[in-house]
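Just below is one structure, and these are the notes that go with it.
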Amino acid sequence: MRHTLAAVLLGAAIASGLPAEEPLLSRTRQLILDGKRSGEGYFSPDGRLMTFQSEREPDNPFYQIYLLDLESGATERISPGHGKTTCSFVNPVDTQVVLFASTHLDPTSQEQQRAELEFRASGQERRYSWDYDPEYDIHAFDRRTKAYTRLTDAKGYDAEGAYSPDGKLVVFASNRGAFEAPLEGADAKRFEVNPAYYSEIYLMNADGTEQRRLTDSPGYDGGPFFSPDGKRILWRRFDAEGLIADIWTMDLEGGDQRRLTDFQAMSWAPYFHPSQQYVFFASNKHGFANFEVFIVDAEGKREPVRVTHKDGFDGLPVPTPDGKRLTWVSNRHGAGAQIWIANWNHEAALAALAASPLRGTEPEDTDASTP
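What follows is the structure, encoded as structure tokens:
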């Protein structure tokens, strides 16, 4: 009954000529305004705090980690201020502790900052790409003591970490396997060109102990998160060429691996809706440089439904813990990408997914403009 009603409302909204992103998204507005760009916003369980990364330090051109109090508007820097940082997450049990990846222990970090600032000051530009710096390690910051605890110390890129819902485990990505034995020949050449190829998913206790590998597949496995019930891990898996990626889930032992998407495109940045009925993700299905947000049912049985309809970049979608709003990163305002927020229509999403064709029976994706 509820889905039938939502389907009727969805069709009526479309017939009335609402913008393409409605009725799934409404009251869309920019959430983060400061800095050159921002991204990777994740919430505390009560929805009051959001941790995110932003480029805004005058003497550091790289991302640093910040914590936004959504009630007061106060913003606190979590990371030390030097080095590169990424992929933060609030401990769901002890919200005074924030997880993030950083290179701040690298003795050359400040030298790298100066070199990058000089490069930008010269007027030169480079195409934006992620840096899989082998000095990245995962750290936890305690806001009470202001102390940093290093959780990983293996040679290689350790990042993209997230806590389990009970705060006892951390899932993360690492290419440490490429450093455990010398690479030779074609493998060494491949690592020079694409160090992400050797990235796999790992699991550890929240204190950094018992680190174990869950995946072993050619190509980049990364961006992992736990399902809301803590029983499964959601992540992105690239093919060996690094051109096509899909969304997968598995159990906590690395078994029962299931692919949710098959777009023949780059689909990444997955995150569960709190209901655990569907997954948000981003994909460039509609053009190499045009990323849009989609949803797919949690079993991957139906074709994904398109959510955003703006040229450029819309990605890294994360819902608020109550499931009533969606945040994501977009450059729709014409400058550097920043975090945006909109009201989210859960019932319309369920209706759209229920109406979407079974996977493999429809060559094109369904979008919110289809009754």
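Remember, my numbering sits 2 above the position in the sequence shown when you count from 1.
All C-beta atoms in this analysis are idealised placements derived from N, C-alpha and C, irrespective of residue type, glycine included.
1) Nearest-angstrom Cα distance between A22 and A351?
2) In chain order, which alpha helix (DSSP H) runs of at least 4 residues are fully inside the stretch 35-121?
3) Please name the residue in R152, P272, F143, G225 whose C-alpha comes closest to that of E202.
4) Just tell me which of L69, E73, G85, F296 has its CA closest to the CA of P63.
5) Compute the Euclidean distance between the alpha carbons of E137 and D108, then round it to the nearest angstrom.
6) My output table needs one value for P197: the three-state DSSP class, helix, strand or coil.
7) Quick one: give me the first and last residue of the alpha helix (DSSP H) that F181 is part of.
8) How would you write the range of the beta strand (DSSP E) that H311 sits in, first residue to last?
9) Go ahead and pull the three-state DSSP assignment for G187.
10) Suppose contacts are defined by Cβ-Cβ distances below 8 Å. Is V38 in contact with E59 by that definition?
11) Please look up how many angstroms separate the CB atoms of I341 and S74, rounded, as I've assumed it's under 8 Å.
12) For the candidate residues Q126, P82, N292, whose alpha-carbon lies nearest to that of D144?
13) Is G221 buried or exposed, if buried means 16 or more other CB atoms sit within 10 Å of its CB?
14) Quick one: Cα of A14 to Cα of L26, how far?
15) Please classify L355: does DSSP put it in a helix, a strand, or coil?
16) Nearest to A103 by CA position, among V92, T97, F283, is which residue?
17) Would you give the residue range spanned by the beta strand (DSSP E) that D258 belongs to?
18) Using the Cα positions of V173 and R29, report the straight-line distance between them to the nearest angstrom.
19) If R238 sits next to M252, beta carbons under 8 Å apart, how far is it from one beta carbon to the other, in whole angstroms?
20) Under the DSSP definition of a beta bridge, which residues are partnered with G317?
21) Look up D264 in the DSSP assignment and give the residues it is bridged to.
22) Measuring straight from C-alpha to C-alpha, what distance separates L262 and A117?
23) Any heavy atom of the ligand ATP closer than 7 Å to the Cβ of T151?
24) State the CB to CB distance for the pair G302 and R361, rounded to an integer number of angstroms; the pair is presumed to be in contact (CB under 8 Å).
25) If you run the structure through DSSP and keep just helix, strand and coil, what is E202?
26) So what's H348 in DSSP terms, helix, strand or just coil?
27) Here's a check: name, in chain order, each residue in its chain whose Cβ is nearer than 8 Å to the Cβ of L245, leaving out the five neighbours to either side.
28) Measure the C-alpha to C-alpha separation of I343 and W330 and round it to an integer number of angstroms.
29) Given a cut-off of 8 Å, decide if Q112 and T88 are closer than it, judged by their beta-carbon atoms.
30) Roughly how many angstroms lie between the CA atoms of E305 and Q114, to the nearest whole one?
31) Does the CB of T363 have a neighbour CB from chain C at under 8 Å?
32) Quick one: Cα of P272 to Cα of S285, how far?
33) Can you tell me whether DSSP reads R123 as helix, strand or coil?
34) Does the separation of the CB atoms of H275 and F282 fall below 8 Å?
35) For the beta strand (DSSP E) that I249 lies in, which residues bound it at each end?
36) Count the other CB atoms, across all protein chains shown, that sit within 10 Å of the CB of A247; report buried if there are 16 or more and exposed otherwise.
The structure says:
1) As a working note, residue 22 is residue 20 in the sequence shown. As a working note, residue 351 is residue 349 in the sequence shown. If you take the alpha carbons of A22 and A351, they lie about 14 Å apart.
2) none
3) Against the sequence shown, residue 202 aligns to sequence position 200. When only C-alpha atoms are compared, the closest one is G225.
4) On the sequence shown, position 61 is the one that residue 63 refers to. Of L69, E73, G85, F296, the residue nearest in Cα terms is G85.
5) For the purposes of this step, residue 137 is identified with residue 135 of the sequence shown, where counting begins at 1. For the purposes of this step, residue 108 is identified with residue 106 of the sequence shown, where counting begins at 1. If I take the Cα positions, the gap works out to 6 Å.
6) Here residue 197 corresponds to residue number 195 of the sequence shown, with the count starting at 1. If DSSP states are grouped into helix, strand and coil, P197 belongs with the helices.
7) Here residue 181 corresponds to residue number 179 of the sequence shown, with the count starting at 1. Unbroken alpha helix (DSSP H) run through F181: 179-182.
8) Locating residue 311 in the sequence shown gives position 309, where the first residue counts as 1. No beta strand (DSSP E) contains H311, which DSSP labels as neither H nor E.
9) In the sequence shown, residue 187 corresponds to position 185, counting from 1. Here G187 sits in helix by DSSP.
10) Within the sequence shown, residue 38 is the residue found at index 36, counting from 1. Within the sequence shown, residue 59 is the residue found at index 57, counting from 1. Note that residue 38 is Lys in the sequence shown, not Val. Contact: no.
11) On the sequence shown, position 339 is the one that residue 341 refers to. On the sequence shown, position 72 is the one that residue 74 refers to. That belief does not hold up - the Cβ atoms of I341 and S74 are roughly 18 Å apart, past 8 Å.
12) For the purposes of this step, residue 144 is taken as the residue at position 142 of the sequence shown. Among Q126, P82, N292, the Cα nearest to that of D144 is on P82.
13) Looking up residue 221 in the sequence shown gives position 219. It is buried - the Cβ of G221 has at least 16 other Cβ atoms within 10 Å.
14) The residue labelled residue 14 in the question sits at position 12 within the sequence shown. The residue labelled residue 26 in the question sits at position 24 within the sequence shown. For A14, the predicted structure reports a pLDDT of 43, less than 50, and the residue's modelled location is therefore unreliable. The matter cannot be settled from this model.
15) Working through the sequence shown from its first residue, we reach residue 355 at position 353. L355 falls in the helix class under three-state DSSP.
16) Reading the sequence shown from its first residue, position 101 is the one you call residue 103. Of the listed residues, the one whose Cα sits closest to A103 is V92.
17) One-based indexing of the sequence shown puts residue 258 at position 256. No beta strand (DSSP E) holds D258; DSSP gives it neither H nor E.
18) Residue mapping note: residue 173 aligns to position 171 of the sequence shown, counting from 1. Residue mapping note: residue 29 aligns to position 27 of the sequence shown, counting from 1. So the two alpha carbons sit approximately 33 Å from each other.
19) Working through the sequence shown from its first residue, we reach residue 238 at position 236. Working through the sequence shown from its first residue, we reach residue 252 at position 250. Contact doesn't hold; Cβ gap of about 12 Å is too wide.
20) Along the sequence shown, one-based indexing puts residue 317 at 315. Answer by DSSP bridge pairing, in chain order: V331.
21) Sequence index remark: in the sequence shown, residue 264 carries index 262 (1-based). DSSP output for D264 lists no bridge partner at all.
22) For the purposes of this step, residue 262 is identified with residue 260 of the sequence shown, where counting begins at 1. For the purposes of this step, residue 117 is identified with residue 115 of the sequence shown, where counting begins at 1. So the two alpha carbons sit approximately 42 Å from each other.
23) The ligand content of the structure shown is nil, which means the ligand ATP is not present either.
24) Position 300 of the sequence shown, counted from the first residue, corresponds to residue 302. Position 359 of the sequence shown, counted from the first residue, corresponds to residue 361. With a Cβ gap of about 7 Å, G302 and R361 count as contacting.
25) By 1-based counting over the sequence shown, the position of residue 202 is 200. Strand.
26) The count along the sequence shown starts at 1 and reaches residue 348 at position 346. Correct three-state label for H348: helix.
27) Within the sequence shown, numbered from 1, the residue matching residue 245 stands at position 243. Contacts found: M268.
28) As a working note, residue 343 is residue 341 in the sequence shown. As a working note, residue 330 is residue 328 in the sequence shown. Their backbone Cα atoms lie some 7 Å apart in a straight line.
29) Here residue 88 refers to the residue found at position 86 of the sequence shown. Here residue 112 refers to the residue found at position 110 of the sequence shown. For T88 and Q112, no; Cβs fall outside 8 Å.
30) Counting from 1 along the sequence shown, the entry for residue 305 is found at position 303. Counting from 1 along the sequence shown, the entry for residue 114 is found at position 112. Rounded to whole angstroms, E305 to Q114 spans 44 Å at the Cα level.
31) No chain C is present in this structure, which holds just one protein chain.
32) Here the question's residue 272 lines up with position 270 in the sequence shown. Here the question's residue 285 lines up with position 283 in the sequence shown. About 10 Å.
33) For this step, residue 123 is matched to residue 121 along the sequence shown. The amino acid at residue 123 is misidentified as Arg; the sequence shows Ala. It is helical.
34) Walking along the sequence shown from the start, residue 275 turns up at place 273. Walking along the sequence shown from the start, residue 282 turns up at place 280. Yes; because the gap between Cβ atoms is below 8 Å, this pair is in contact.
35) The residue you call residue 249 lines up with position 247 of the sequence shown. 247-253 is the extent of the beta strand (DSSP E) around I249.
36) Position 245 of the sequence shown, counting from 1, holds the residue named residue 247. By the 10 Å Cβ count, A247 comes out buried.
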